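This report concerns only the one structure given below.
Number of protein chains: 2
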Amino acid sequence: MNIGQASKASGVTTKMIRYYDEIDLVRPASRTGSNYREYDHRQINELRFIKRARSLGFSMEEITQLLSLWRDRARPSREVKAIADRHVADLDARIAEMQAMADTLRHLSHCCAGDDRPECPILADLMDGKEPSEPVGRRRSFNH
Amino acid sequence: MNIGQASKASGVTTKMIRYYDEIDLVRPASRTGSNYREYDHRQINELRFIKRARSLGFSMEEITQLLSLWRDRARPSREVKAIADRHVADLDARIAEMQAMADTLRHLSHCCAGDDRPECPILADLMDGKEPSEPVGRRRSFNH
DNA sequence: CTTGACCTTCCCATCATGGGAAACTCTATC
DNA sequence: GATAGAGTTTCCCATGATGGGAAGGTCAAG
Numbered sequence: 570m571n572i573g574q575a576s577k578a579s580g581v582t583t584k585m586i587r588y589y590d591e592i593d594l595v596r597p598a599s600r601t602g603s604n605y606r607e608y609d610h611r612q613i614n615e616l617r618f619i620k621r622a623r624s625l626g627f628s629m630e631e632i633t634q635l636l637s638l639w640r641d642r643a644r645p646s647r648e649v650k651a652i653a654d655r656h657v658a659d660l661d662a663r664i665a666e667m668q669a670m671a672d673t674l675r676h677l678s679h680c681c682a683g684d685d686r687p688e689c690p691i692l693a694d695l696m697d698g699k700e701p702s703e704p705v706g707r708r709r710s711f712n713h
Numbered sequence: 570m571n572i573g574q575a576s577k578a579s580g581v582t583t584k585m586i587r588y589y590d591e592i593d594l595v596r597p598a599s600r601t602g603s604n605y606r607e608y609d610h611r612q613i614n615e616l617r618f619i620k621r622a623r624s625l626g627f628s629m630e631e632i633t634q635l636l637s638l639w640r641d642r643a644r645p646s647r648e649v650k651a652i653a654d655r656h657v658a659d660l661d662a663r664i665a666e667m668q669a670m671a672d673t674l675r676h677l678s679h680c681c682a683g684d685d686r687p688e689c690p691i692l693a694d695l696m697d698g699k700e701p702s703e704p705v706g707r708r709r710s711f712n713h
């Protein structure tokens with residue numbers, strides 16, 4: 570299978586397949602004489618694995634670890650579970666953070682007349698409100 | 570106030586203050602003879618406004634709109650409210666998405682023995698599980 | 001043999017943020 | 001007044017996962 574067929578079979582764009590090759594995550598089984606990438610079922614499965622893992626919010630770094638565990642037939646499931654559990658904790662933390670934002674904004678919006686007049690508790694809060702003490706540490710994102 | 574003092578007064582890093590200048594979001598009140606940026610209370614307030622808005626998850630594009638509404642003394646609060654409400658809807662959608670991920674993973678993790686053996690329902694799902702039909706559209710992220 | 005669809009590599013952009021270099025400026029101390 | 005150290009300026013680079021697009025090579029059908 571060339572890259573286009575691999576893309577159709579896996580649901581991963583050709584751009585991404587080339588990227589995964591570049592970062593040594595999933596390398597083509599071989600190259601043709603004219604330098605075309607060739608993939609077989611093993612790689613197709615791994616591409617689908619990645620796609621599914623991305624849809625569950627795992628970062629590429631975590632996926633690298635998961636894929637290497639998958640390839641290791643002697644893996645301890647403990648390690649897989651640890652990665653998943655860490656990710657769940659991360660998700661929960663972010664959900665709580667966003668929930669707090671949404672709740673604050675819902676309250677402010679509720680207090681805003683939303684008419685032609687300029688008075689606005691939302692803007693007032695942005696000017697006077699104290700930002701949370703924990704400045705929302707740097708963290709990776711999902712898509713962008 | 571020079572940029573360092575403005576940074577202390579607003580809680581925004583000098584890097585970011587220069588960036589906001591560059592994108593014409595908050596320009597210094599003036600420049601000294603030696604080309605140092607000078608800020609006064611108006612700009613400090615705007616920098617704090619931005620910081621607070623970021624902590625509520627608004628994108629820079631939304632903040633640009635919010636700040637321009639803030640500067641417009643004839644603004645209709647309707648417009649501010651519309652931006653906030655759209656953002657809340659966006660937050661809610663993302664929360665639901667992440668909640669679904671977390672729930673799925675919690676279930677899989679719960680089914681995983683997490684011991685020395687290689688059998689693992691988490692890996693099994695990543696290989697066989699169908700990704701959700703909606704491929705989680707591109708969207709901006711919160712922090713970097 | 002031409003045409004169109006496909007493949008290759010390479011560069012650029014995103015978004016908000018930080019790191020760091022080279023050069024200049026200010027302030028305090030000697 | 002000279003010198004040291006802290007602060008400032010601009011400029012370039014990196015992030016993470018993804019897409020866009022150009023220039024040029026390859027393949028298959030007509």
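Those sequence lines, one after another, are chains A and B.
Just so you know, we're using the working numbering here: the first sequence kicks off at 570 and counts up by one.
Just so you know, we're using the working numbering here: the second sequence kicks off at 570 and counts up by one.
Where is the CB? At the ideal position from N, CA and C, for every residue including glycine.
In this text the structure is predicted, and so the values were computed from the model without any measurement.
- In the three-state reduction of the DSSP assignment, residue 628 (chain B) falls in the coil class.
- Annotation for residue 613 (chain B): 570, 575, 578, 579 place their beta carbon closer than 8 Å to its own, counting only its chain and skipping 5 residues before and after.
- Per DSSP, the beta-bridge partners of residue 607 (chain A) are A:599.
- In terms of CA proximity to residue 616 (chain A), A:584 leads the group A:600, A:642, A:584, A:605.
- Of the residues A:647, A:594, A:662, the one whose Cα lies closest to the Cα of residue 680 (chain B) is A:647.
- At a C-beta separation below 8 Å, residue 581 (chain B) has no neighbours in chain A, since its nearest C-beta there lies roughly 10 Å away.
- Annotation: residue 608 (chain B) to residue 644 (chain B) spans about 25 Å, alpha carbon to alpha carbon.
- Under the Cβ distance rule, residue 629 (chain A) does not count among the residues neighbouring chain B, no pair being separated by less than 8 Å.
- Closer than 8 Å to the CB of residue 634 (chain B) there is not a single CB belonging to chain A.
- Within the same chain, and ignoring the five residues on either side of residue 605 (chain B) in sequence, the residues whose Cβ sits closer than 6 Å to its Cβ are 571.
- Taking a C-beta distance under 8 Å as the contact criterion, residue 650 (chain B) and residue 683 (chain A) qualify as a contact pair.
- Residue 652 (chain B) and residue 635 (chain B) do touch by the CB rule: their CB atoms are close to 6 Å apart, below 8 Å.
- Residue 686 (chain B): not part of any alpha helix (DSSP H); DSSP gives it neither H nor E.
- Counting along the chain, the unbroken alpha helix (DSSP H) around residue 659 (chain B) starts and ends at 646 to 679.
- Within the segment 675 to 695 of chain B, 675, 677, 678, 681, 682, 683, 684, 685, 686, 687, 688, 689, 690, 691, 692, 694, 695 place their CB atoms closer than 9 Å to a CB of chain A, listed in sequence order.
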